[in-house]
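*Asks:* First, the structure itself, so that you have it in front of you.
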Amino acid sequence: MALSRQPMTDEQRKSVALEYLKGFDNGGVTSDGAPLLDLFADDAQVCFPKWGLATGKDEIARLFGDVGATITSIRHHYATFNWIFSGGDTLVCEGTSHGEHRDGPWRAGVPEWGAGRWCDVFEIRDWRIQRVFIYLDPDYAGGDTARYPWLAGG
Numbered sequence: 001m002a003l004s005r006q007p008m009t010d011e012q013r014k015s016v017a018l019e020y021l022k023g024f025d026n027g028g029v030t031s032d033g034a035p036l037l038d039l040f041a042d043d044a045q046v047c048f049p050k051w052g053l054a055t056g057k058d059e060i061a062r063l064f065g066d067v068g069a070t071i072t073s074i075r076h077h078y079a080t081f082n083w084i085f086s087g088g089d090t091l092v093c094e095g096t097s098h099g100e101h102r103d104g105p106w107r108a109g110v111p112e113w114g115a116g117r118w119c120d121v122f123e124i125r126d127w128r129i130q131r132v133f134i135y136l137d138p139d140y141a142g143g144d145t146a147r148y149p150w151l152a153g154g
């Protein structure tokens with residue numbers, strides 16, 4: 001007998017994505033106290049700039065540990081999120097954040113070219129994140145300016 005699964009609505013997928021983002025603001029713990037990794041399928045994939053592609057919960061935990069070790073705090077700006085729904089399992093969230101990185105603080109728009117603007121592309125099925133590709137500038141403190149002529153001058 002085949003399993004019968006009901007498709008999720010866009011709002012249900014959005015609620016999983018929000019729980020994921022709020023989990024980062026809460027130090028890697030979901031609103032019910034579970035680890036952030038509980039939101040992921042066993043074979044999920046996460047891609048983060050300058051880290052690469054993590055496949056499966058063990059690699060995702062390593063990615064989150066590596067990146068998380070550089071961030072003291074983060075706050076996402078939920079009121080200004082832009083959600084894009086595909087009508088399928090994929091949804092996109094574009095947003096801003098601020099926080100403290102080991103190299104210094106960041107806030108979206110300060111400076112305008114700096115970190116804090118991001119876009120996440122999610123694939124969510126059966127109440128689990130199957131895939132999230134994260135698009136952002138991982139130079140949170142804005143120190144990598146010498147390689148960019150338009151930034152090197154100040």
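Note that the UniProt record's numbering has the sequence shown beginning at 1, numbered continuously upward. Cβ coordinates follow ideal geometry from the N, Cα and C atoms, glycine included.
If you follow the beta strand (DSSP E) that valine 92 is part of, which residue opens it and which one closes it?
*Replies:* Numbered from its first residue, the sequence shown carries residue 92 at position 92. Element bounds for valine 92: 90 to 101.
*Asks:* What are the partner residues of alanine 54, as DSSP defines its beta bridges?
*Replies:* On the sequence shown, residue 54 is found 54 positions in, with the first residue counted as 1. DSSP, once it has assigned bridges, lists Val46 as partnering alanine 54.
*Asks:* I need the DSSP call for tryptophan 150, collapsed to helix, strand or coil.
*Replies:* Reading the sequence shown from its first residue, position 150 is the one you call residue 150. Helix.
*Asks:* Any idea if phenylalanine 24 is buried or exposed, counting beta-carbon neighbours within 10 angstroms, 16 or more meaning buried?
*Replies:* Translated into the one-based positions of the sequence shown, residue 24 becomes position 24. So phenylalanine 24 ends up on the buried side.
*Asks:* Among all the DSSP beta bridges, which residues are the ones paired with glutamate 123?
*Replies:* Along the sequence shown, read from residue 1 onward, the residue named residue 123 stands at position 123. Thr90, Arg131, per the DSSP bridge assignment.
*Asks:* Among the residues of its own chain, which have a CB less than 7 Å from the CB of residue 157, if the five just before and after it don't count?
*Replies:* This structure cannot settle anything about residue 157, because the visible part of the chain is limited to 1 through 154.
*Asks:* When DSSP builds the beta bridges, which residues end up paired with leucine 136?
*Replies:* The residue given as residue 136 occupies position 136 in the sequence shown. BP columns for leucine 136 point to Trp118.
*Asks:* Do isoleucine 129 and methionine 8 come within 8 Å of each other at the CB atom, strictly closer than that value?
*Replies:* In the sequence shown, counting from the first residue as 1, residue 8 sits at position 8. In the sequence shown, counting from the first residue as 1, residue 129 sits at position 129. Contact check for methionine 8 against isoleucine 129 fails: the beta carbons are separated by 8 Å or more.
*Asks:* What does DSSP give as the partner residue(s) for glycine 104 in the beta ladder?
*Replies:* Here residue 104 corresponds to residue number 104 of the sequence shown, with the count starting at 1. Its beta-bridge partners are His101.
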